[in-house]
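Per this note's numbering, the very first residue in the sequence shown carries number 62; after that it's consecutive. Just so it is clear, CB atoms sit at the ideal spot from N, CA and C, and this is done for glycine as well. Here the structure is a predicted model, which is why all the values come from computation and not from measurement. Take a look at the structure set out below.
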Amino acid sequence: MSVHSGQLQTLLPRESLLWVFAAQLVVLLPHFAHLPIWLVFAWCIAVYWRLEVFRGRREIPGRVVKLVAVSLAVAGLAMTYRRWFALEPMVALLAVSFTLKNIELLSRRDAMLSLMLAYFLAATLFVFDQTIPYALYGVFSLLVITAALVAQQGSGSARAGRALGLSAKLLAQAVPVMLVLFVVMPRLGPLWAVPQNTSAASTGISDSMSPGDFSRLSKSDKPALRISFDGPVPPPEQRYWRGLVYTHFDGRRWSEPGITGNRWAGRRSRVRGEGEQSLPAVGPRYRYQVIQEASHNPWLFAMATPHSGTRGVRTTDEDTLIYRNPVGSRLAYDVRSWPRDSIPAQSQLSAAELRRHLQLPDSGNPEARAWAVARRQEGMDAEAISQALLTMYNRSFTYTLQPPALGANTVDEFLFGTRQGFCEHFANSYVFTMRAAGVPARVVAGYQGGEWVEQQEYLLVRQYDAHAWAEIWLPERGWVRVDPTASVAPQRIRDGLQSAAAEEFMQDAFLPLHKIPFVTRLRLQWDMINYRWYRTVVSFDAERQEGLLRRLLGEISPLRVAIFLGTPMAIALVALLIWLKLSSRGPALAPADRVYLRFCKRMARAGLPRNPGEAPGDYARRVEREWPALGLMVLRITLAYEKAAFADDTGALKQLRRLVRVFWPLRLSARSGISTNSLPTSAR
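What follows is the structure, given as structure tokens:
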């Protein structure tokens, strides 16, 4: 197939075509990290093919080729993604539309359609991340896309300076409208409420725990939580942010049946409805808001006995919080937590719960089992056995970020062999031994501590603050938190991991930036900026919007909202009219020209106007012929004007102003006693 002459006439100019490809590249670039690699190559091939068509080396694809391309793209999407109603396949579908449109990109209409798709794909950038760098990149994407639209208008509009300049002006003019709409428009559910793809990698604490898992998290200084308090702040020893409870042990790994990486499905981890809450209406409590980073898991983090009024957040029977979807982007939720001693304890565990919290493998770790049985035979109760175990930890165990590897009997090898471990080693051995002694126990995973940011008054919890501890059941008190790590390294609980393991902390880092105070302060400043950005912009929900409007308007009513919207629009319209009026006057005149035009206007009102294109000297001689009484005065004005305008004589300019100030043709004629018959006909 050859390119027909009619098609050649409709082909886009080279500059316009390159602008379209530049806009597509800018929009697609941040998505390359999660798009399938075959789609990236397909887009590159389509762009290359279209450029070859422009050069005349290839033919425009026919219907058969287009049908094959569409079929291959759809098949590729179906094979790549397991479900369609998720973020990644939706974004990939937009990228496929780019790719397929490129092979038939001929006219300006096709370019406009492709650029409209680019705006949609640029919006999906904030589906995956809403940080400040992404926001700045989003603005840059809009700038390039709008410049590409400008470049389609022809007549030199594709020049980079002209296209980008006009694009910047258009976006700047849209900023006031954007701000007003941001404040006033009803807050709708975010687009990123669409579920994430199940293949997304999880970050942070996982749905199971084995020796070494938390040691790996200690190597990451990425933020996990940011917590601000409305009222008192708990002391460091009480900052336990629980997220998961593990009750099942297979000999090496702790887990919770029914929990998977992207959903909460088990009957054993039943979600507690709001009607089942038995929390006091008054009394001691902590009120706080948590901003959680993306984990691609549904579990949230809070203190014990939590309750959240945030939509989509529920409480489980294990005193943890879960979200309705995996947390694919930053999530803010409000929490109230009560001290456990202020809540009436459950009288006893059911038979099923008792079996669940005493479960152990049929074999393995015989020394730990024997130690627990011996303590029970000595007549010790649950609290005494717990204290004996904690004392053993305190006397002869070492807290380290690099514990030795353990074999099949992890508890025995740790308790009676290596005696070196991280938090998961202590929690694992403690819960196993307490269960072997007949005491219901469970492992709790979450974060502990955090860095208090004084300037913004919030608690910054990082991934290396990940922690595992234990809970035991005491009939008279219910579930009681026991942290075996505190018996070995109390400074870990009080001052954080960096203080407890200073020599080993972030030892594997390529650059030990945490040891440079200046860099540490810069990173903290950057985190504060991100925190303020999220609280002010990203989490600006309906509740915050209502509060802001009430502060601005006093009362939210249709009339006040209309005035709030109409006033800036009216001011902008008046300013636009004034600008149009001023800009229509053309370039500013020189001072001499302005004074001389004033003289000409007075002569025109007197009935002797200056003709278009008439030189000042010719006009003066004509006035002298038709109105002799004014001839001398007009001649002096003309000579002063010519010196001021063409010789740049400041003295002549002053003389011109003085002469024109007193020049009133009809008054001068009346003072001279000139009869009406001697005036020009139009002035009689």
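Proximity to Leu462 across Ser276, Pro652 and Ala212 peaks at Ser276, based on C-alpha coordinates.
By the CB criterion at 7 Å, Tyr491 and Ser279 fall outside the cutoff. Taking the Cα of Asp544 as reference, the smallest distance to any Cα among Thr452, Asn386 and Arg223 is reached at Thr452. For Pro284, the enclosing beta strand (DSSP E) stretches over residues Pro284 to Phe290. Judged by DSSP secondary structure, Gly478 falls outside any beta strand (DSSP E); it is assigned neither H nor E. The C-beta of Ile639 has fewer than 16 other C-beta atoms within 10 Å across all chains shown, which makes the residue exposed. For the pair Val500 and Ile533, the CB atoms are nearer than the 7 Å cut-off. Only exposed fits Thr459, as fewer than 16 other CB atoms lie within 10 angstroms of its CB.
With contacts defined by Cβ atoms closer than 7 Å, Leu614 and Arg621 form a contacting pair. Looking only at Pro726, Ser600 and Val522, the smallest Cα-Cα distance to Pro297 is reached by Val522.
Following the DSSP letters along the chain, one finds Gly226 in no beta strand (DSSP E) but inside the alpha helix (DSSP H) bounded by residues Ala221 to Val245. Contact check for Trp530 and Arg542: beta-carbon distance about 6 Å, within the 8 Å limit, so the pair qualifies. Among the bridge pairs identified by DSSP, Arg523 is matched with Pro284. Ala466 and Val472 have their C-alpha atoms spaced approximately 12 Å apart. Between Val157 and Ala136, the CB-CB gap reaches or exceeds 7 Å. The Cβ atoms of Phe362 and Gly304 lie closer than 7 Å to each other.
Close CB contacts of Arg671 within its chain, under the 8 Å cut and outside five residues either way in sequence, are with Cys661, Met664, Ala665 and Tyr680 (chain order). Sixteen is the threshold: since fewer than 16 other Cβ atoms of the shown chains lie within 10 Å of the Cβ of Tyr109, the residue is exposed. Excluding sequence positions up to five before and after Pro272, its CB lies within less than 7 Å of the CB of Leu467, Thr471, Glu485, His486 and Asn489, all in the same chain and listed in chain order. Around the CB of Met630, fewer than 16 other CB atoms lie within 10 Å, so the residue is classed as exposed.
Note on Gln409: under 16 other CB atoms within 10 angstroms of its CB, so exposed under the neighbour-count rule.
A distance below 8 Å between beta-carbons, with the five flanking residues on each side excluded, links Arg314 to the following residues of its chain, in chain order: Ser269, Met270 and Ser271. Look at Gln353 here: in three-state DSSP terms it is strand. Of the candidates Pro400, Arg686 and Glu687, Pro400 places its Cα closest to the Cα of Gln299. Rounded to whole angstroms, the gap between the alpha carbons of Val374 and Glu474 is 41 Å. Here Trp594 has Ile193 as same chain residues with Cβ atoms under 7 Å from its own Cβ, once five neighbours each way along the sequence are excluded. DSSP links Gln509 through a beta bridge to Tyr301. Within the stretch 411-442, the complete alpha helix (DSSP H) segments at least 4 residues long are 412-417 and 427-438, listed from N- to C-terminus. Counted as a single uninterrupted DSSP element, the alpha helix (DSSP H) harbouring Arg582 occupies residues Pro578 to Trp594. Counting only the Cα atoms, Ser411 lies some 54 Å from Leu100. Your pair Asn455 and Val549 checks out as a contact, with CB atoms roughly 6 Å apart and the cut at 8 Å.
Excluding its 5 nearest sequence neighbours in each direction, Val200 has no C-beta neighbour in its own chain below 7 Å. Take the alpha-carbon of Val294 and the one of Tyr349: they are about 9 Å apart.
For Ile383, the beta-bridge partners assigned by DSSP are Trp360 and Arg375.
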